[in-house]
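Visitor: Take 1 as the starting number for the sequence shown in full-length UniProt numbering and just add one per residue.
Pasting in a structure now, in structure tokens, and then I'll have a few things to ask.
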Amino acid sequence: MNEHMGGRPRGPVGAGCATTGGGTAGRGVRGVVPGGREAAAGTAGHGTVTVMPTPPRTGLRRAPLSRTLCLEPALSSVATARDAVAAAVADWGMAVDVDVAVLLTSELVANAVIHGGAPGKPVLLVLVDLGAQLRVEVHDPGGRGIGCARSVADGESGRGLAIVSALADFWDWEPTEWGKVVYFGLSVAREACAA
């Protein structure tokens with residue numbers, strides 16, 4: 001995992017996903033090294049991370065903060081993604097509903113692993129603090145479009161995108177050179193934006 005200021009990671013999606021150490025073997029995550037810089041500080045169970053100081057929230061605009069995780073295409077990566085979102089929201093001091101952010105991230109990562117994954121190809125999780133909004137992107141190598149599956153009333157699956165649609169302030173998907181990206185946004189509470 002790598003945190004940097006300046007918005008989205010550089011380079012093509014999926015490129016630069018390389019093991020950077022940090023004792024992540026068997027944990028379903030590989031560090032991402034944007035721009036070829038190796039991350040320096042480790043975090044328990046989440047790969048390697050470089051943490052840059054988060055500027056205080058003021059009326060001044062600042063460059064967005066982002067974190068990127070390269071996840072193994074396995075269901076065990078869903079827990080890693082949940083933990084990463086909760087940690088980013090806390091670290092950045094964002095006034096968003098962390099339970100909703102975690103739930104929606106879980107749905108998108110599970111969908112990417114089950115429906116968009118390919119053997120040996122990672123799923124990329126990108127978290128972006130845009131100041132007034134948290135944006136979560138899940139990139140996978142599957143080029144097929146998405147659709148809301150019909151769920152059976154007592155079934156255990158088929159509701160993921162309906163949940164995302166109901167709880168996110170916005171969501172969408174786009175094809176990419178690497179496959180596709182599905183993303184959602186949650187707005188920061190208005191009183192927190194004014195602080």
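Here a beta-carbon is modelled for each residue, glycine too, at the ideal position from N, C-alpha and C.
Determine, using beta-carbon pairs with one atom in the segment 94-108 and one in the segment 76-84, whether at least three such pairs fall under 8 Å.
Guide: Taking 8 Å as the limit for Cβ pairs, the verdict is that the segment 76-84 does touch the segment 94-108.
Visitor: Classify Trp92 as helix, strand or coil using the three-state DSSP reduction.
Guide: Residue mapping note: residue 92 aligns to position 92 of the sequence shown, counting from 1. Note: Trp92 maps to helix in three-state DSSP.
Visitor: Any idea if Pro175 is buried or exposed, counting beta-carbon neighbours within 10 angstroms, 16 or more meaning buried?
Guide: If you number the sequence shown from 1, residue 175 lands on position 175. It counts as exposed.
Visitor: For Val78, which residues of its own chain have a beta-carbon under 8 Å away from its beta-carbon, when the five flanking residues on both sides are left out?
Guide: Within the sequence shown, the letter at position 78 stands for residue 78. Closer than 8 Å at Cβ, skipping near neighbours: Ser106, Val109, Ala110, Val113.
Visitor: Let's see if you can read the secondary structure: which residues bound the alpha helix (DSSP H) around Asp97?
Guide: For the purposes of this step, residue 97 is taken as the residue at position 97 of the sequence shown. Segment: none, Asp97 is in no alpha helix (DSSP H) and carries neither H nor E.
Visitor: If you follow the beta strand (DSSP E) that Leu69 is part of, which residue opens it and which one closes it?
Guide: Residue 69 sits at position 69 when you count from the first residue of the sequence shown. Here the beta strand (DSSP E) through Leu69 covers 65-71.
Visitor: Under the DSSP definition of a beta bridge, which residues are partnered with His139?
Guide: Position 139 of the sequence shown holds residue 139. DSSP output for His139 lists Leu124, Val181 as bridge partner(s).
Visitor: Mind checking who Asp172 pairs with in its DSSP beta bridge?
Guide: As a working note, residue 172 is residue 172 in the sequence shown. Asp172 pairs with Tyr183.
Visitor: Assuming Ala162 contacts Leu186 under a Cβ cut-off of 8 Å, what Cβ separation, rounded to an integer in Å, is found between them?
Guide: Here residue 162 is taken as the residue at index 162 of the sequence shown, counted from 1. Here residue 186 is taken as the residue at index 186 of the sequence shown, counted from 1. So it is not a contact: roughly 17 Å between Cβ atoms.
Visitor: For Arg67 and Leu125, I'd like the C-alpha separation in whole angstroms.
Guide: For the purposes of this step, residue 67 is taken as the residue at position 67 of the sequence shown. For the purposes of this step, residue 125 is taken as the residue at position 125 of the sequence shown. Going by the C-alpha atoms only, they are around 8 Å apart.
Visitor: Start and end of the alpha helix (DSSP H) containing Ala118?
Guide: The sequence position of residue 118 within the sequence shown is 118, counting from 1. First-last for Ala118: undefined, no H or E at that position.
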